[in-house]
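So the sequence shown is residues 27 to 162, counted in the numbering used here. We put the beta carbon where it would ideally sit given N, CA and C, even for glycine.
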Amino acid sequence: MDIYLHFKDQAAEVIAFYEKVFETEPAQIMTFGQMPQDDEHPIDDGLKDLVMNSNLKINDTNVMISDSPENLAPPIIVGNNVALVYNAKTTEEATDIFQQLAENGTILLPLEKTFWAELYGMVKDQYGVIWHINLY
């Protein structure tokens, strides 16, 4: 399981801070500008330098950090900027876990193929916990 932290236009600053504090290797970072171009969902020039996703290894824990621009993600409210990430081993496992978490919860992004994963979806469970479900 991984930890996911969402920020409003501060992810790069947060990453640099945690790299210094925990004396880590440099994080793997992808900006919105580095994403594959999608004509149906163009990225605003002002967002291209923001962090789309990053992976910072602190001890043996993956801490994923990203910016969450309002037009591309749910609004940041202090308290909802932390999420849990579950990396499934099979399509069946990813689908089953996603469906169970979505029951009486809210699907934020449907479970579907992305450019970085075979399947990816985001769901807020009935207790308000946000989950990212991945199948690589």
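| query | Just how far apart, CA to CA, sit P100 and Q54? | reply | Between P100 and Q54, the alpha-carbon positions lie close to 23 Å from each other.
| query | Which residues share a DSSP beta bridge with E138? | reply | Paired residue(s): Y146.
| query | CA-CA distance, M78 and D93? | reply | Straight-line spacing of the CA atoms in M78 and D93 works out to 6 Å.
| task | Using DSSP bridges, identify the partner residues of N160. | result | Bridge partners of N160: N113, Y146.
| Short Cβ contact (8 Å threshold) for A42 with L76 | A42 is not a Cβ neighbour of L76, given a cutoff of 8 Å.
| said: Which of the three DSSP states is assigned to Q36 in this structure? | reply: Assigned with DSSP and collapsed to three states, Q36 falls in coil, not helix or strand.
| Meets three-Cβ-pair contact criterion under 8 Å: the stretch 142-153 and the stretch 121-128 | Taking 8 Å as the limit for Cβ pairs, the verdict is that the stretch 121-128 does touch the stretch 142-153.
| query | Assuming E138 and Y162 make a contact with CB atoms under 8 Å, what is their CB distance in whole Å? | reply | Taking the Cβ atoms as the reference, E138 lies roughly 14 Å from Y162, outside the contact range of under 8 Å.
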